[in-house]
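Trainee: Read top to bottom, the protein sequences are chains P and Z. The first sequence begins at -17 in my numbering and counts up by one. The second sequence begins at 2 in my numbering and counts up by one. We treat Cβ as the ideally placed atom computed from N, Cα and C, and that holds for glycine. Below you will find the structure I want to go over with you.
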Amino acid sequence: MLPELVTDSIILFQMMCVVVIFAYLVTRTRFYTEVLEGAFSWKNQAILILAFGILSIYGSASGVDILGAPLNIRDLGPMVAGFVGGPVAGIGAGVIGAGYRMTMGGFTAVACSLATVLAGLLAGLINLANKRRFPGTLLAVSGAVLFEGMHMGLVLLISRPLSQAVELVSDVAFPMIAVNAAGMFIFAFITLNLENERRTSRERDRYQAELQRKNAELQIAREIQESFLPPSLPTLPGYALAAESRPAREVGGDFYDVLGSPGGRVGLVIADVSDKGVPAALFMALSSTVMRASAAWHQRPRDAVSDANALICRESGSGMFVTLFFCILDPAEMTLTYVNAGHNPPMLARADGSLIELQSSGIALGADSGAAYEEREIRLSPGDLLVLYTDGVTEAEDASQQQFGDERLAELVRGLRDRTAGEALAAIQEAVAAHTLSAPQYDDMTLLVLKVGS
Amino acid sequence: MSTILQVAEERRGDVPVLFLKGRMDATTSPDAEAHINRLIDKGDRQLVVDLSGLEYISSAGLRVLLSGLKRLKASGGAMKLTALAPEIQKVFDIAGFNRLFLIYRSLDEALGTDTAR
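Given below as structure tokens:
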């Protein structure tokens, strides 16, 4: 035979195991979470009463003599029911437990039964005082200690003969309080865990819904932004055009434009707004509209760009600016008149194998309202290939942060002078893709290619 | 090459000097922007930014410096940049920002010079 202390400990351990499993199962049910979230329907309260009434009966039935004193967790069920579901649930479960206790008889039957109902009621009142929410672990466990103390007080007050009641209470008071407090701790712990878990999952759901909404908005923004670019490129006798803009994110700050002009002349624009993402996209919408209007108004590129700068400067908070190259092609005269406002110099590969860069002739738009812009003119020859690009092309990086580079682009463009506009565009895109490989595209990338027919 | 931007501040007399080291792009610039704004909010009107440790600057980085310059100019102040590496200088040259900022070869030169160049 094992010593009494060991067997009693095993029995106590067994009781706690039942409490843990019961607590786990009951807290996972829908009605329990509904009650925790404030849905105190009659059906939920009835289930609560029944479930914790049964736990209370188990508490009486499993009661054992521990070191010679009768010990039980009858009050635990009604207390939890009260803390979770309020006074009705607490009293209900208490009445079931009390009814069973009465049938067991004994000189403490009335006091113990009354204590069980009262424990359920008081726990329910605490729930009410706590705005119908489960109180924290500390309050629930302190409540359990207090109610078990009250239980002992009732035995002393009601049960007779008094001498027997005093002897019983002095034997069981401490273990009864301890075991019920432990049971309450288990429930509180699991219940609060559950509440945390549900709160986290609610927040995650909300965050995901928000994310979905934002993604949908960005998708629409992207479509709107794409509509700012020319839907198709004009066909020019003796010339060919090709263009493509690829934002690094859903929306970007690059744009290009092809504008009709009086006398068969054609305006070409390529531009790159500072920064990326939504701020850049908004500024791009402003800049492209302003530039289009200004180009329609003015004959000379210099005037169009100066005016656009003045307008953009008025709107450029937080240091936003846009580098822009604007040129007017006169197809008949074969001249290109341009202004480079701080943009990466376009490359012109000439039929003779040389390459010139159309250097910057002024500051980026939006940076300085008093900026002056210089206009330059070059003559085109049959076979010339003009490549306009944004820095997303030359600064495209591979996995080890090596940039594609200006020199490599220049070399490439020089070798493409015999190709069509579309072929040249595709070849540059392929070369950049071969350089970056799997590295993610970091910046918006735009190319506009003009080929002079030979 | 690094993927971060270190921002350090030193006072030389009355003038705050900001040392930017590493890579100034869309991801890393917000710290520097907050730092510059904090100095201006506190009442500093002269700011020297030492770029000797800068390896790369994107348009997002230029925007941050331009934003600071505009705020300082609006309240009668000035921003001086010093010690630009050739690649950084090239980015400033292309955007035309070399005409907008006061650019010095070294920190001593920037600190010893009057704002009205």
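Whose C-alpha, out of P:Ser288, P:Cys309, P:Gln384, is nearest the C-alpha of Gly352 (chain P)?
Mentor: Selected option, being the one with the closest Cα: P:Ser288.
Trainee: Is Thr428 (chain P) buried or exposed, if buried means 16 or more other CB atoms sit within 10 Å of its CB?
Mentor: Thr428 (chain P) is buried by the Cβ-count criterion.
Trainee: Is Ala349 (chain P) close to chain Z? Criterion is C-beta to C-beta, closer than 8 Å.
Mentor: Chain Z contact via Cβ: present.
Trainee: Please tell me whether Gly76 (chain P) and Val99 (chain P) are closer than 8 Å, where the distance is taken between their beta carbons.
Mentor: Their beta carbons are under 8 Å apart, which means Gly76 (chain P) touches Val99 (chain P) by this criterion.
Trainee: For chain P, is any of its Cβ atoms less than 8 Å away from the one on Leu112 (chain Z)?
Mentor: Not closer than 8 Å to any Cβ of chain P, the Cβ of Leu112 (chain Z) fails to qualify, so no.
Trainee: Could you tell me the boundaries of the beta strand (DSSP E) in which Asn322 (chain P) lies?
Mentor: 317 to 323 is the span of the beta strand (DSSP E), which, as asked, contains Asn322 (chain P).
Trainee: Looking only at its own chain, which residues have a Cβ that is under 6 Å from the Cβ of Leu19 (chain Z), when we skip the five neighbours before and after it?
Mentor: Excluding positions up to five away in sequence, the list reads Glu10, Val50.
Trainee: For His36 (chain Z), I'd like the list of residues in its chain whose CB is within less than 8 Å of its CB, leaving aside the five on either flank, ordered along the chain.
Mentor: Same-chain partners within the cutoff: Val8, Glu10, Leu19.
Trainee: Buried or exposed for Cys309 (chain P), please, with buried defined as at least 16 other CB atoms from any protein chain shown within 10 angstroms of its CB.
Mentor: With 16 or more Cβ atoms within 10 Å of its Cβ, Cys309 (chain P) is classed as buried.
Trainee: Confirm the yes/no value for this check: CB of Glu130 (chain P), any heavy atom of the ligand ZN, distance under 7 Å.
Mentor: As for the ligand ZN, it is missing from this structure, which has no ligand bound.
Trainee: Does any residue of chain Z have a CB that is nearer than 8 Å to the CB of Asn291 (chain P)?
Mentor: Not an interface residue.
Trainee: Taking the continuous beta strand (DSSP E) assigned at Tyr24 (chain Z), which residues delimit it?
Mentor: Tyr is not the amino acid found at residue 24 (chain Z); the sequence shown has Arg there. 16 to 25 is the extent of the beta strand (DSSP E) around Arg24 (chain Z).
Trainee: What residue range is occupied by the uninterrupted beta strand (DSSP E) comprising Gln47 (chain Z)?
Mentor: First-last of the beta strand (DSSP E) with Gln47 (chain Z): 47 to 58.
Trainee: So Ala409 (chain P) and Leu398 (chain P) are in contact, right, with Cβ under 8 Å, and what is the actual spacing, rounded?
Mentor: Correct: roughly 6 Å between the Cβ atoms.
Trainee: Note down, one range per segment and in chain order, each alpha helix (DSSP H) of at least 4 residues found wholly within the region -7 to 57 of chain P.
Mentor: Runs found: 12 to 18, 24 to 43.
Trainee: Within a Cβ cutoff of 6 Å, which residues of the same chain sit near Leu218 (chain P), ignoring the five residues on either side of it in sequence?
Mentor: Taken in chain order, the residues that qualify are Pro313.
Trainee: Is Glu435 (chain P) near Gly220 (chain P), with beta carbons less than 8 Å apart?
Mentor: Correcting the residue type first, residue 435 (chain P) is Gly in the shown sequence and not Glu. Contact flag set, yes.
Trainee: Shortest alpha-carbon distance to Met132 (chain P) belongs to which of P:Pro117, P:Ala93, P:Arg142?
Mentor: Checked all of P:Pro117, P:Ala93, P:Arg142; the closest Cα to Met132 (chain P) is P:Ala93.
Trainee: CB Gly441 (chain P) to CB Ile55 (chain P), shorter than 8 Å?
Mentor: Because residue 441 (chain P) is not part of the residues shown, which for chain P are -17 to 436, the question remains open.
Trainee: Chain P beta carbons: is any one of them nearer than 8 Å to that of Ser60 (chain Z)?
Mentor: Yes, Ser60 (chain Z) lies at the interface with chain P (some Cβ there is under 8 Å from its Cβ).
Trainee: Under 8 Å between C-beta atoms, does Leu73 (chain Z) make it to chain P?
Mentor: Chain P contact via Cβ: absent.
Trainee: Evaluate the contact criterion for the region 50 to 64 of chain Z versus the region 14 to 28 of chain Z: three or more CB pairs, one atom per stretch, below 8 Å.
Mentor: With the cut-off at 8 Å, the region 50 to 64 of chain Z and the region 14 to 28 of chain Z touch.
Trainee: At a Cβ threshold of 8 Å, is Arg64 (chain Z) touching chain P?
Mentor: It does: the Cβ of Arg64 (chain Z) has a partner Cβ on chain P nearer than 8 Å.
Trainee: Using the beta-carbon of each residue, which ones in chain P are nearer than 8 Å to Ile104 (chain Z)?
Mentor: Under the 8 Å cutoff, chain P gives no residues; its nearest Cβ is about 14 Å from Ile104 (chain Z).
Trainee: In whole angstroms, give me the CA-to-CA distance for Arg13 (chain Z) and Phe102 (chain Z).
Mentor: Arg13 (chain Z) and Phe102 (chain Z): Cα-Cα distance of roughly 20 Å.
Trainee: Anything in chain Z within Cβ reach of Ser256 (chain P), meaning under 7 Å, just list it in chain order.
Mentor: What Ser256 (chain P) touches in chain Z: Ser60, Ala61, Leu63, Arg64.
Trainee: For my contact list, Asp373 (chain P) and Asn326 (chain P) are in at a C-beta cut-off of 8 Å; report their separation, rounded to the angstrom.
Mentor: So it is a contact: roughly 5 Å between Cβ atoms.
Trainee: Quick check on this structure: which residue in P:Pro(-15), P:Leu37, P:Phe22, P:Ser124 has the alpha carbon closest to the alpha carbon of Ala0 (chain P)?
Mentor: The residue asked about is misnamed: residue 0 (chain P) is Val in this sequence, not Ala. Of P:Pro(-15), P:Leu37, P:Phe22, P:Ser124, the residue nearest in Cα terms is P:Leu37.
Trainee: What do you get for Gln27 (chain P), buried or exposed, if any count of 16 or more other CB atoms within 10 angstroms of its CB means buried?
Mentor: Looking at its Cβ environment, which holds 16 or more other Cβ atoms inside 10 Å, Gln27 (chain P) is buried.
Trainee: Could you give the C-beta distance for Asn197 (chain P) and Asp57 (chain P), rounded to a whole number, given that I count them as a contact under 8 Å?
Mentor: Not quite, the Cβ-Cβ distance comes to about 53 Å (not below 8 Å), so this is no contact.
Trainee: For a cutoff of 8 Å on Cβ pairs, would you count Gly97 (chain Z) as touching chain P?
Mentor: For Gly97 (chain Z), the answer is yes, since a Cβ of chain P falls inside 8 Å of its Cβ.
Trainee: Report the residue ranges of all beta strand (DSSP E) runs contained in full by the region 331 to 362 of chain P; include only those spanning at least 3 residues, in chain order.
Mentor: Segments of the beta strand (DSSP E) lying fully in the region 331 to 362 of chain P: 337 to 339, 358 to 361.
Trainee: For Gln384 (chain P), count neighbouring C-beta atoms within 10 Å of its own C-beta (all shown protein chains included) and say buried if the count is 16 or more, exposed if not.
Mentor: Exposed, by the Cβ-count rule.
Trainee: Which residues in chain P sit within 8 Å of Ala27 (chain Z), going by Cβ to Cβ distance?
Mentor: Chain P residues near Ala27 (chain Z): Asp257, Lys258, Gly259.
Trainee: With 16 as the cutoff for other CB atoms within 10 Å, does Ile(-8) (chain P) come out buried or exposed?
Mentor: Exposed.
Trainee: Give the straight-line distance between the Cα atoms of Val70 (chain P) and Gly59 (chain P), rounded to the nearest whole angstrom.
Mentor: Distance between the alpha carbons of Val70 (chain P) and Gly59 (chain P): 13 Å.
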